[in-house]
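Under the working numbering, the sequence shown is numbered contiguously, ending at residue 380.
Cβ atoms here follow ideal geometry from the backbone N, Cα and C, with glycine treated the same way.
A quick note: this is a predicted structure, and the numbers were derived from the prediction, not measured.
What follows is a short report on a single structure.
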Amino acid sequence: MEIKKEIEWFKANLIKSQIHGRNILAKLKNWPSLSANQRRQLQMVIKEYKKWKETNENLIGHSNDIIKNRVKKLNDYKEKVENVEFSAQSKFHSSVIEEFLYYLFRDLLDELNKKAEKDNDGRSKQKIFLG
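Okay, here's the thing in structure tokens:
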């Protein structure tokens, strides 16, 4: 795995609300200080994260089926990364849930904001933001 290439991918493909991806990026930047085992695990995490991120980016909406699919993909991803050896202090595991919540509510908030813009007809507009 080419570390510089991975760092550039993460920098180019993450937004502020993708907390878990940013956590992975921080670990990549500290590659030299990781143990051999952590490096192997991080390589696996990167591969799985990219798949999980792509799936979530392609799921649009907040129907029951989409939410069920998101939860299934979250559980699949969590299963694959649950034994990764990073300290609790690094917030690796909790950042998965933070990013999941972004995906879970992203489209609902977008819809609510569009509705609010339409309903306000020139009056003061207030938007709801994540992250």
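Methionine 250 carries a coil assignment under DSSP once its states are collapsed to helix, strand and coil.
Taking a 10 Å sphere around the C-beta of isoleucine 273, we find 16 or more other C-beta atoms and assign the residue as buried. For histidine 311, no alpha helix (DSSP H) encloses it, and the DSSP letter there is neither H nor E.
Judged by beta-carbon spacing, isoleucine 268 lies within the 9 Å limit of glutamate 347, meaning their Cβ atoms are closer than that value. 9 Å or more divides the Cβ of isoleucine 315 from the Cβ of glutamate 255.
Here the C-alpha atom of glutamate 306 lies approximately 22 Å from the C-alpha atom of leucine 291.
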